[in-house]
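Heads up, this note's numbering is the position in the sequence shown plus 227, with the first residue counted as 1. Below is one structure, written out as structure tokens; comments come after it.
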Amino acid sequence: MNTKVIFANRDFDSAINEAARVIQGGDIVVLPTETVYGLCANALDETAVQKIFDAKGRPQDNPLIVHIADMDMLDRVTAGVPAQAKKLMKAYWPGPLSIVLQKNPAIPDTVSAGLSTVAVRMPQNEIMREVIRRAGAPLAAPSANRSGLPSPTTAQHAFEDLCGRVPLIVDGGPCNVGVESTVVEMAGDVPIILRPGGISPDMIQKVCGDVQVHPSVLDRLKEPEKVASPGMKYRHYAPRAQVYVFEGDKKTVAKDVNTRYHYYNEKPQKPVIFCTEDCAGFYAGKNVRTLGNTAAGAEKTLFAELRAADGAGIGVILFHYMDTMGLAVKNRILRAAEKTPQEVTEN
Ligand code: TXA
Ligand code: MG
Numbered sequence: 228m229n230t231k232v233i234f235a236n237r238d239f240d241s242a243i244n245e246a247a248r249v250i251q252g253g254d255i256v257v258l259p260t261e262t263v264y265g266l267c268a269n270a271l272d273e274t275a276v277q278k279i280f281d282a283k284g285r286p287q288d289n290p291l292i293v294h295i296a297d298m299d300m301l302d303r304v305t306a307g308v309p310a311q312a313k314k315l316m317k318a319y320w321p322g323p324l325s326i327v328l329q330k331n332p333a334i335p336d337t338v339s340a341g342l343s344t345v346a347v348r349m350p351q352n353e354i355m356r357e358v359i360r361r362a363g364a365p366l367a368a369p370s371a372n373r374s375g376l377p378s379p380t381t382a383q384h385a386f387e388d389l390c391g392r393v394p395l396i397v398d399g400g401p402c403n404v405g406v407e408s409t410v411v412e413m414a415g416d417v418p419i420i421l422r423p424g425g426i427s428p429d430m431i432q433k434v435c436g437d438v439q440v441h442p443s444v445l446d447r448l449k450e451p452e453k454v455a456s457p458g459m460k461y462r463h464y465a466p467r468a469q470v471y472v473f474e475g476d477k478k479t480v481a482k483d484v485n486t487r488y489h490y491y492n493e494k495p496q497k498p499v500i501f502c503t504e505d506c507a508g509f510y511a512g513k514n515v516r517t518l519g520n521t522a523a524g525a526e527k528t529l530f531a532e533l534r535a536a537d538g539a540g541i542g543v544i545l546f547h548y549m550d551t552m553g554l555a556v557k558n559r560i561l562r563a564a565e566k567t568p569q570e571v572t573e574n
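What follows is the structure in structure tokens.
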């Protein structure tokens with residue numbers, strides 16, 4: 228299959244029309260969102276949705292997020308919206324927030340992986356929303372990477388992973404947020420964050436009065452039956468390089484990281500250190516990539532830096548985590564890592 232790339236900023240209208248035609252024809256398209264690029268199909272067309280799983284190599288039991296353009300579309304995908312969920316929609320839609328709701332029977336089981344619920348999001352990106360409007364259908368869309376790899380924050384990343392597997396990629400420039408949406412479950416009175424993302428726990432607490440973070444957010448991989456959000460049981464976001472995460476008192480961490488760096492620097496695997504700008508001084512003269520000093524900065528650069536490390540032939544990423552990087556980055560980097568800091572420092 229040939230993969231065509233079109234640039235939305237050159238001719239917005241024809242890009243939207245072409246993407247909508249492919250969707251209506253029952254095929255898949257890569258589109259930008261403000262979080263990461265998505266691999267999209269008509270959420271109501273089971274055969275089209277199956278093409279997403281095939282192109283990504285995605286496990287069939289991991290459900291997809293359904294994207295809507297306007298509130299009018301909500302009734303077509305859900306079977307009711309609790310009051311707390313309505314408040315969150317009012318506050319943060321359009322935006323990087325996916326809300327798990329009872330699903331409308333029109334949503335095929337392939338989308339929800341057989342669950343009675345569906346995760347719904349109204350993205351902010353105007354390209355994505357305009358394609359939804361013109362195709363006249365909600366879009367099921369996971370991140371547009373091959374399963375297990377870091378999510379794509381540019382059209383080029385999506386092209387690297389899906390060239391030959393998808394007929395069309397719409398390039399809308401780099402994504403603003405850079406990590407995926409926050410996934411929040413609204414089953415009880417208190418919203419539970421299943422996956423941290425662009426909307427922080429504090430932002431949800433402000434609207435709902437309370438919030439919980441599911442324990443598996445900061446866990447290692449879990450047994451399948453203990454997983455609340457099926458996506459959590461798979462190794463994710465992982466570059467080819469090995470990732471080791473270090474956190475704690477920053478001087479102690481810097482000492483550990485420097486020791487490890489010297490060790491790997493003598494080996495064929497080339498090491499790189501990822502840290503905040505504030506910590507870069509601990510690693511003078513070494514191969515260092517800084518991710519800014521804020522959560523938003525780290526979110527925006529993380530996936531691109533993981534991919535760039537692979538491109539540069541790096542074997543080992545020594546990740547100096549700081550709390551200022553935020554929960555979403557911590558969750559992603561723990562999923563990308565194969566070992567805990569304890570396992571690294573003990574061996
Ligand atoms: O920002 C995003 O959310 C991007 C863009 C394209 O919108 N999409 C994305 O999709 O990250 P994906 O498929 O890579 O991640 C979806 C996550 C998975 O962890 C999945 O298990 C969870 O949402 N999820 C989907 N439906 C669910 C449901 N009904 N209940 C619980 N978790 C669900
Ligand atoms: Mg994904």
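The beta-carbon is built from N, C-alpha and C at its ideal position, and this holds for glycine as well.
- Here E407 is buried: its Cβ has 16 or more other Cβ atoms, across all protein chains shown, within 10 Å.
- In this structure, the CA atom of F501 is about 14 Å from the CA atom of D483.
- R285 and I279 have their alpha carbons spaced roughly 8 Å apart.
- Secondary structure in the region 269-295: the beta strand (DSSP E) runs of 3 residues or longer, each lying completely within the stretch, are 292-294 in chain order.
- Residue environment analysis places T380 among the buried positions, since at least 16 neighbouring C-beta atoms fall within 10 angstroms of its C-beta.
- For the region 314-364, the full-length beta strand (DSSP E) segments reaching 3 residues or more read 324-329 and 344-348 along the chain.
- According to DSSP, residue pairing for T305 in a beta bridge involves K330.
- Set against 7 Å, the gap from the CB of S370 to the closest heavy atom of ligand 1 is smaller.
- For K527, the enclosing alpha helix (DSSP H) stretches over residues A522 to G538.
- Secondary-structure assignment with DSSP links D398 through a beta bridge to F234.
- By a beta-carbon distance limit of 8 Å, T230 contacts P394. Their separation comes to about 7 Å.
- Of all C-beta pairs linking the region 413-427 to the region 314-331, three or more are shorter than 8 Å, placing the two stretches in contact.
- Distance between V417 and V410, taken at the CA atoms: about 14 Å.
- With a cut-off of 7 Å, the C-beta of S325 is classified as near ligand 1, since at least one heavy atom of the ligand falls inside that distance.
- As the crow flies, the alpha-carbon of V470 is around 15 Å from that of G538.
- Straight-line spacing of the CA atoms in Q311 and R348 works out to 15 Å.
- Bounds of the alpha helix (DSSP H) holding Q432 are P428 to C435.
- Put simply, of R373, A364 and D336 the residue whose alpha carbon is nearest the alpha carbon of H463 is R373.
- The residue from P335, Y510 and M430 with its alpha-carbon nearest to that of P290 is P335.
- Taking non-hydrogen atoms of ligand 2 into account, the C-beta of S378 is found less than 7 Å away from one of them.
- With the rule of 3 Cβ pairs closer than 8 Å, the region 545-561 counts as touching the region 497-515.
- Sixteen is the threshold: when 16 or more other Cβ atoms of the shown chains lie within 10 Å of the Cβ of C435, as they do, the residue is buried.
- The three-state secondary structure of L376, taken from DSSP, is coil.
- In the same chain as A563, and ignoring 5 residues on each side of it, the C-beta atoms closer than 6 Å to its own belong to Y464, A465 and V470, in chain order.
- For the 8 Å CB-CB criterion, I250 and A340 do not form a contact.
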